[in-house]
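Participant:
Structure representation (structure tokens):
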């Protein structure tokens, strides 16, 4: 099985406290990985490091056939990996502008961006929200707008932090459906969640993180999930 | 009471009749203060953002320094600048003393700490997810900075308005480094002080009215703008 990206010796300390200590983490291509863990176990920190938003103390990254340190890899991973917060942030503007934001940054013309946004809104059944101010949307609507905004940029890896947290049943179902469709499009997805029942049907494998260390809970797959931990920071 | 009424009526007449001296003073005042704010604001916003979003040595000391400089009297800034720009001072060769350029420098020094402190408070209160979202969606740090500024625009506009309010009405620094020279460095506050000391209340009141109208307009503008924001949110 091919891996999209491999992280090795990933260590993060914040204010002197060891937050992450991962010897090896490989993300298989076109698969959905579910990661569970208690609050404060390091899920969000892991996602922020993986997406290039947070600098680790150390990390070796193997991506697109190259071995790089975090600084070298940052431009690549920031281009190809999108991180969505637990409660996604939408800019104080229309839904259309929010979805087009990344396209404008990528240098798309206004007309091309507009056409893509309209198609994306249609894809997500959000056309009726196109001209609404994004700040006025419900939590479920915000999450779906954020997913659409991420999808339009064709990321290679989507990191979703608790995508169905604090949602009613209907919103959870709609978000879950969108996640399923994103996976079917071949986007590699990593989801952190407490509510495993809402997303586990999408997941191909299941990791668990505890005190910054990852273990596999995957018993159904034959491939070895390369998740090991060193003991040098254990104390 | 009659004197005040008469002076106020004369003041109105001076403004309406387009008295050259009065409008020249008003124009100089606005020109100097706008220039100072235009120069100070971009730098102050970048520094405020860096102080709010990044950790680096002496960061806390810098924040304390800007907060302290906010309350330094204008006349002290004027005195310091006077010593620097006077003929025997280290920058005397630039021959800037008693020019409008010296007044602009003085007003930059006055407004800068206030702009940094108020903008820093706005950035500090900003949702960090806005910055992270912009970056993860492919924005360059510069572009993400502009996005973040838009998200906290109400606080930043309030900072700029407060900075402008501080410099347009200050007298100490302008008097020290401008010298209150007619047709050259006389602005609204120094003119008010001079005319009042001569007993020419009409001109002083006319200029005071301009400041009052300016203050009301700025506050009304900011309130209107912030009100629209609250409705949208």
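Protein chains in written order, with this note's numbering: chain A, 1 to 235; chain B, 1001 to 1233.
Using N, Cα and C, we set each Cβ at its ideal position, and we do this for glycine too.
Which residue or residues does DSSP assign as beta-bridge partners of residue 12 of chain A?
Facilitator: A/20
Participant: Less than 8 Å between C-beta atoms, sequence neighbours within five positions excluded: which residues of the same chain meet that for residue 200 of chain A?
Facilitator: 34, 206
Participant: Quick check on the burial criterion: 16 or more other C-beta atoms within 10 angstroms. Buried or exposed for residue 67 of chain A?
Facilitator: With fewer than 16 other CB atoms across the displayed protein chains lying within 10 angstroms of its CB, residue 67 of chain A is exposed.
Participant: Could you tell me which of B/1221, B/1207, B/1226, B/1213 sits nearest to residue 1024 of chain B, measuring between CA atoms?
Facilitator: Residue B/1207 is the option with its Cα nearest to residue 1024 of chain B.
Participant: Hey, how far is the Cα of residue 1007 of chain B from the Cα of residue 1115 of chain B?
Facilitator: 37 Å
Participant: Should residue 35 of chain A be flagged as near chain B, meaning a C-beta pair shorter than 8 Å?
Facilitator: no
Participant: Taking the alpha-carbon positions, what's the residue 236 of chain A to residue 138 of chain A distance?
Facilitator: This structure leaves residue 236 of chain A out entirely; chain A is present only between 1 and 235.
Participant: Does any residue of chain A have a CB that is nearer than 8 Å to the CB of residue 1138 of chain B?
Facilitator: With 8 Å as the cut-off, residue 1138 of chain B counts as an interface residue toward chain A.
Participant: For a quick check, are the C-beta atoms of residue 1010 of chain B and residue 1106 of chain B less than 8 Å apart?
Facilitator: No, these two residues do not count as a Cβ contact at 8 Å.
Participant: Could you tell me the distance, in whole angstroms, from the CA atom of residue 30 of chain A to the CA atom of residue 187 of chain A?
Facilitator: 5 Å
Participant: At 4 residues or longer, and completely inside the region 1080-1149 of chain B: list those alpha helix (DSSP H) runs for me, N to C.
Facilitator: 1100-1125, 1128-1136
Participant: With 8 Å set as the bound, which would you pick, yes or no: does the beta-carbon of residue 106 of chain A sit closer than that to a beta-carbon of chain B?
Facilitator: yes
Participant: Where residue 1166 of chain B and residue 111 of chain A are concerned, what is the direct C-alpha to C-alpha distance, given to the nearest angstrom?
Facilitator: Going by the C-alpha atoms only, they are around 45 Å apart.
Participant: Can residue 32 of chain A and residue 171 of chain A be called in contact, C-beta distance under 8 Å?
Facilitator: Not in contact: residue 32 of chain A and residue 171 of chain A (Cβ atoms no closer than 8 Å).
Participant: Applying the criterion that 16 or more other CB atoms from any shown protein chain within 10 Å of the CB defines a buried residue, is residue 151 of chain A buried or exposed?
Facilitator: buried
Participant: So, is residue 115 of chain A buried or exposed, given that buried needs 16 or more other C-beta atoms within 10 angstroms?
Facilitator: exposed
Participant: Taking the CB atoms as reference points, tell me whether residue 1180 of chain B and residue 1196 of chain B lie closer together than 8 Å.
Facilitator: no
Participant: Classify residue 197 of chain A as buried or exposed, calling it buried when 16 or more other Cβ atoms lie within 10 Å of its own Cβ.
Facilitator: exposed
Participant: For residue 1070 of chain B, which of helix, strand or coil comes out of DSSP?
Facilitator: coil
Participant: From residue 1170 of chain B to residue 1176 of chain B, what distance separates their C-alpha atoms?
Facilitator: Spanning the alpha carbons of residue 1170 of chain B and residue 1176 of chain B requires a straight line of approximately 11 Å.
Participant: Secondary structure at residue 57 of chain A, three-state DSSP: helix, strand or coil?
Facilitator: coil
Participant: For chain A, find out if any of its Cβ atoms is closer than 8 Å to the Cβ of residue 1129 of chain B; answer yes or no.
Facilitator: Closer than 8 Å to some Cβ of chain A, the Cβ of residue 1129 of chain B qualifies, so yes.
Participant: How big is the Cα-Cα spacing for residue 1039 of chain B and residue 1109 of chain B?
Facilitator: 11 Å
Participant: How big is the Cα-Cα spacing for residue 173 of chain A and residue 1119 of chain B?
Facilitator: 42 Å
Participant: Rank A/194, A/64, A/131, A/216 by C-alpha distance to the C-alpha of residue 39 of chain A and give the top, closest one.
Facilitator: A/194
Participant: I want to verify the contact list: residues of chain A whose CB lies under 8 Å from the CB of residue 1143 of chain B, in sequence order.
Facilitator: Residues of chain A whose Cβ lies closer than 8 Å to the Cβ of residue 1143 of chain B are, in chain order, 105.
Participant: Do you know how far the Cα of residue 88 of chain A is from the Cα of residue 1182 of chain B?
Facilitator: 58 Å
Participant: Can you tell me whether DSSP reads residue 1077 of chain B as helix, strand or coil?
Facilitator: helix
Participant: Please confirm if the region 1140-1160 of chain B is in contact with the region 1073-1091 of chain B, defined as three or more CB-CB distances below 8 Å between the two stretches.
Facilitator: Taking 8 Å as the limit for Cβ pairs, the verdict is that the region 1073-1091 of chain B does not touch the region 1140-1160 of chain B.
Participant: Since residue 122 of chain A is in the alpha helix (DSSP H), which residue starts that stretch and which ends it?
Facilitator: 110-123
Participant: Could you tell me the distance, in whole angstroms, from the CA atom of residue 36 of chain A to the CA atom of residue 192 of chain A?
Facilitator: 6 Å
Participant: From what residue to what residue does the beta strand (DSSP E) around residue 83 of chain A run?
Facilitator: 81-84
Participant: Over the uninterrupted beta strand (DSSP E) stretch that includes residue 170 of chain A, give me the two end residues.
Facilitator: In the DSSP assignment, residue 170 of chain A falls outside any beta strand (DSSP E) and within the unbroken alpha helix (DSSP H) covering 169-184.
Participant: Over the uninterrupted beta strand (DSSP E) stretch that includes residue 213 of chain A, give me the two end residues.
Facilitator: Element bounds for residue 213 of chain A: 213-216.
Participant: To the nearest angstrom, how far is the alpha carbon of residue 1160 of chain B from that of residue 1139 of chain B?
Facilitator: Looking at the two C-alpha atoms, the distance is approximately 26 Å.
Participant: Is residue 157 of chain A closer than 8 Å to residue 61 of chain A when the C-beta atoms are compared?
Facilitator: In terms of Cβ geometry, residue 61 of chain A and residue 157 of chain A do not form a close pair [threshold 8 Å].
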